[in-house]
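Visitor: Quick one: the structure is below, questions incoming.
In structure tokens form, the structure reads like this:
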């Protein structure tokens with residue numbers, strides 16, 4: 020069956036199967052009578068006409084392999100893009116060429132890595148440039164061209180304001196010029212430029228200070244920068260606990276009061292998969308052996324098996340059967356396995372497909388265009404986080420998530436009192452979609468009726484939030500949770516709560532709103548200049564102040580939360596499109 024890059028093949032395979040089997044709907048309806056996943060897989064194998072359609076799956080390994088001619092062609096195209104100053108295009112072409120090179124083409128590897136380092140240098144990716152240069156030298160870059168790499172190294176360190184190492188490589192550059200095949204006038208000019216730069220750097224007082232610091236800390240020019248994200252210790256705040264009831268299932272709740280902006284969860288994924296289209300630009304790594312009982316963390320995640328339709332069961336079982344055939348073709352399941360073993364593995368695949376449907380998260384990366392300043396979050400893969408999977412949904416979530424590599428970080432975006440649920444967001448959010456649309460999506464995708472405050476009270480979307488009403492919290496000593504709504508034109512400072520009958524001084528709230536205007540301007544200025552840590556602290560302070568006297572939803576509170584979320588996103592996976 021031909022693979023459609025946009026839609027895949029499975030839908031077409033399923034529809035063809037449905038149309039070709041006699042009394043398909045009636046037959047498939049019987050899958051609902053199966054008691055477990057093994058019986059469901061067996062049901063497919065016994066279904067009349069199904070095995071005759073297996074030829075359409077055409078399960079086979081596909082590997083393009085190494086190809087020296089293809090690599091040379093890609094390198095040449097990269098050179099053309101480089102000459103046209105299309106640095107990013109050149110870098111991508113060089114990368115593809117390097118991947119295609121056979122292992123024995125060592126010199127060619129050194130040259131294509133050197134070329135890629137030049138493209139990276141023009142993209143201002145200095146650490147990446149230094150890494151490629153080091154690898155090119157290790158592969159034995161031609162001696163008569165070494166001066167190019169040493170000059171580039173010197174310029175990289177100069178751009179990084181590392182003056183002692185810049186001088187070191189300018190010296191290596193001058194030495195390597197003895198082997199360079201250059202005309203005398205160009206050689207003289209390049210030597211003069213390098214010596215002039217060295218003298219300027221040697222006179223700079225920062226050079227001596229940097230050299231002393233590097234000597235004291237054992238740093239040298241041969242050390243290569245690391246682009247790897249350091250391993251982060253997993254964390255679950257002691258203020259988070261988990262509860263369970265028949266209506267909400269298992270869910271997270273606050274065991275103690277949680278402040279806004281607090282990090283409550285850092286979790287590495289149980290498993291993660293990179294999207295195929297990012298496989299040439301992102302790294303898949305760290306496949307370590309798991310403890311024997313580690314599967315228990317995910318095996319009992321919700322699957323909604325009692326509410327699935329026969330058609331849904333059939334499609335999932337069909338996919339499990341296909342994946343089992345892939346494992347057999349790849350050699351993971353070999354001829355030594357008994358049919359009972361294959362059935363068990365296939366049934367486990369079916370179980371996995373069920374809980375993946377409701378418990379996985381998209382892994383995201385923030386992309387920014389320097390040309391217009393636009394930012395967008397891009398889905399680059401998917402992952403399963405067993406702890407986060409226990410957090411329920413709210414259309415007014417209490418947390419935001421961002422990623423460093425595949426590790427997820429969860430921070431609060433509002434204070435959460437002890438005993439209240441800690442909710443994340445599954446997609447639909449009240450500021451962007453009306454209640455009917457949100458609930459329809461949640462029911463269709465996750466099979467539950469949302470009962471968060473935003474749904475119960477039918478909060479308006481952001482563009483419809485009233486600006487002629489201020490929502491104050493009742494500050495009565497009896498801890499009344501009522502909301503007092505007044506007009507901004509109200510001249511009274513004391514307002515009676517219709518719930519508890521106590522008086523609330525709204526002057527304090529009005530004063531807070533006035534004071535936050537200056538704080539908001541400062542916070543936004545930090546954000547716009549890229550000082551995200553400072554901006555984050557200001558927005559946290561703003562939310563603390565507003566939360567004490569005012570109750571959402573209202574525009575200023577929503578905007579402040581959004582800025583806080585955006586600040587945190589800048590601490591995670593990030594890529595400058597230029």
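In my numbering, the protein residues as written are 20 to 597.
Cβ coordinates follow ideal geometry from the N, Cα and C atoms, glycine included.
The structure displayed is predicted, hence computed values, not measured ones.
1. So the beta strand (DSSP E) residue 284 belongs to, where does it begin and stop?
2. Does residue 293 come out as helix, strand or coil in the three-state DSSP assignment?
3. Please state the DSSP three-state secondary structure of residue 74.
4. How many Å lie between residue 465 and residue 435 at the Cα?
5. Taking residue 409 as the reference, give the member of 263, 47, 163 and 226 with the closest Cα.
6. Under the rule that 16 or more other beta-carbon atoms within 10 Å means buried, what is residue 592, buried or exposed?
7. How many whole angstroms separate the CB atoms of residue 411 and residue 442, which I take to be in contact at a CB cut-off of 8 angstroms?
8. Once DSSP output is grouped into helix, strand and coil, what is the label at residue 386?
9. Check for me: the beta strand (DSSP E) holding residue 548 runs from which residue to which?
10. Does DSSP put residue 86 in a helix, a strand or coil?
11. Of all the options 52, 57, 53 and 66, which has the alpha carbon lying nearest to the alpha carbon of residue 40?
12. Report the three-state DSSP secondary structure of residue 421 (helix, strand or coil).
13. Roughly how many angstroms lie between the CA atoms of residue 306 and residue 425, to the nearest whole one?
14. Considering Cα atoms alone, identify which of 69, 225, 84 and 136 is closest to residue 97.
15. For residue 580, count neighbouring Cβ atoms within 10 angstroms of its own Cβ and tell me buried if that reaches 16, exposed if not.
16. Pick helix, strand or coil for residue 400, following the three-state DSSP scheme.
17. Measuring only the C-alpha atoms, how far is residue 29 from residue 338?
18. For residue 116, does the three-state DSSP call read helix, strand or coil?
19. Which complete alpha helix (DSSP H) runs does the segment 155–210 hold, if anything under 4 residues is left out?
20. Considering just the uninterrupted stretch of the beta strand (DSSP E) at residue 259, what are its terminal residues?
21. In this structure, does DSSP put residue 435 in helix, strand or coil?
22. Under 8 angstroms: do the segment 347–358 and the segment 47–55 share three or more Cβ pairs, one atom per stretch?
23. Does the Cβ of residue 533 have 16 or more other Cβ atoms within 10 Å, making it buried, or fewer, making it exposed?
24. Whose CA, out of 118, 371, 143 and 142, lies closest to the CA of residue 132?
25. What residue does the alpha helix (DSSP H) around residue 140 start on, and which one ends it?
26. Alpha carbons only, please: which of 74, 492 and 499 is nearest the one belonging to residue 525?
27. In the DSSP output, which residue or residues are listed as bridge partners for residue 445?
28. Which residue comes first and which comes last in the beta strand (DSSP E) that contains residue 594?
29. Please name the residue or residues paired with residue 395 in a DSSP beta bridge.
30. In terms of alpha-carbon separation, which member of 444, 439 and 440 lies closest to residue 421?
31. For residue 30, report the span of its alpha helix (DSSP H) as first-last.
32. Can you have a look at residue 474 and say buried or exposed, based on whether 16 or more other CB atoms are within 10 angstroms of its CB?
33. Please classify residue 162 as buried or exposed, where buried requires at least 16 neighbouring CB atoms within 10 angstroms.
34. Report the rounded CA-to-CA distance for residue 342 versus residue 326, giving the unit in angstroms.
35. Using the Cα positions of residue 209 and residue 199, report the straight-line distance between them to the nearest angstrom.
36. So what's residue 636 in DSSP terms, helix, strand or just coil?
Guide: Walking through what the data contain:
1. Start and end: 282–286.
2. Three-state DSSP puts residue 293 in a strand.
3. It is helical.
4. Distance between the alpha carbons of residue 465 and residue 435 is about 25 angstroms.
5. That would be 263, whose Cα lies nearest to the Cα of residue 409.
6. Within a 10 Å sphere around the beta-carbon of residue 592 sit 16 or more other beta-carbons, which makes this residue buried.
7. The Cβ separation is near 5 angstroms, so the contact holds.
8. In the three-state DSSP reduction, residue 386 falls in the strand class (E or B).
9. Judged by DSSP secondary structure, residue 548 falls outside any beta strand (DSSP E); it is assigned neither H nor E.
10. DSSP places residue 86 outside both helix and strand once states are collapsed to three, so it counts as coil.
11. Looking at the Cα atoms, 66 is the closest of the given residues.
12. DSSP places residue 421 in strand when its eight states are reduced to three.
13. Since pLDDT at residue 306 reaches only 38, below the 50 mark, its modelled position is unreliable, and the value read off the structure follows with that caveat. Spanning the two alpha carbons is a distance of roughly 13 angstroms.
14. Minimum Cα distance to residue 97 is reached at 136.
15. It counts as buried.
16. If DSSP states are grouped into helix, strand and coil, residue 400 belongs with the strands.
17. Distance between the alpha carbons of residue 29 and residue 338 is about 8 angstroms.
18. Note: residue 116 maps to helix in three-state DSSP.
19. The qualifying runs are 165–178 and 182–195.
20. In the DSSP assignment, residue 259 falls within the beta strand (DSSP E) that extends over 259–264.
21. Here residue 435 sits in strand by DSSP.
22. No, the segment 347–358 is not in contact with the segment 47–55.
23. Residue burial annotation: residue 533 is exposed, with fewer than 16 other C-beta atoms found within 10 angstroms of its C-beta.
24. Cα-wise, what sits closest to residue 132 is 118.
25. Counted as a single uninterrupted DSSP element, the alpha helix (DSSP H) harbouring residue 140 occupies residues 125–141.
26. Considering only alpha carbons, the answer is 492.
27. Residue 445 pairs with nothing; no bridge assigned.
28. Residue range 593–595 is occupied by the beta strand (DSSP E) that includes residue 594.
29. Residue pairing by DSSP places residue 395 opposite 386 in a beta bridge.
30. Checked all of 444, 439 and 440; the closest Cα to residue 421 is 444.
31. The continuous alpha helix (DSSP H) containing residue 30 extends over residues 29–39.
32. With 16 or more other CB atoms across the displayed protein chains lying within 10 angstroms of its CB, residue 474 is buried.
33. Classification of residue 162: exposed, given that the 10 Å Cβ count is below 16.
34. Going by C-alpha positions, residue 342 is about 24 angstroms away from residue 326.
35. Straight-line Cα distance between these residues: approximately 11 angstroms.
36. The structure shown has nothing for residue 636, since the chain only spans 20 to 597.
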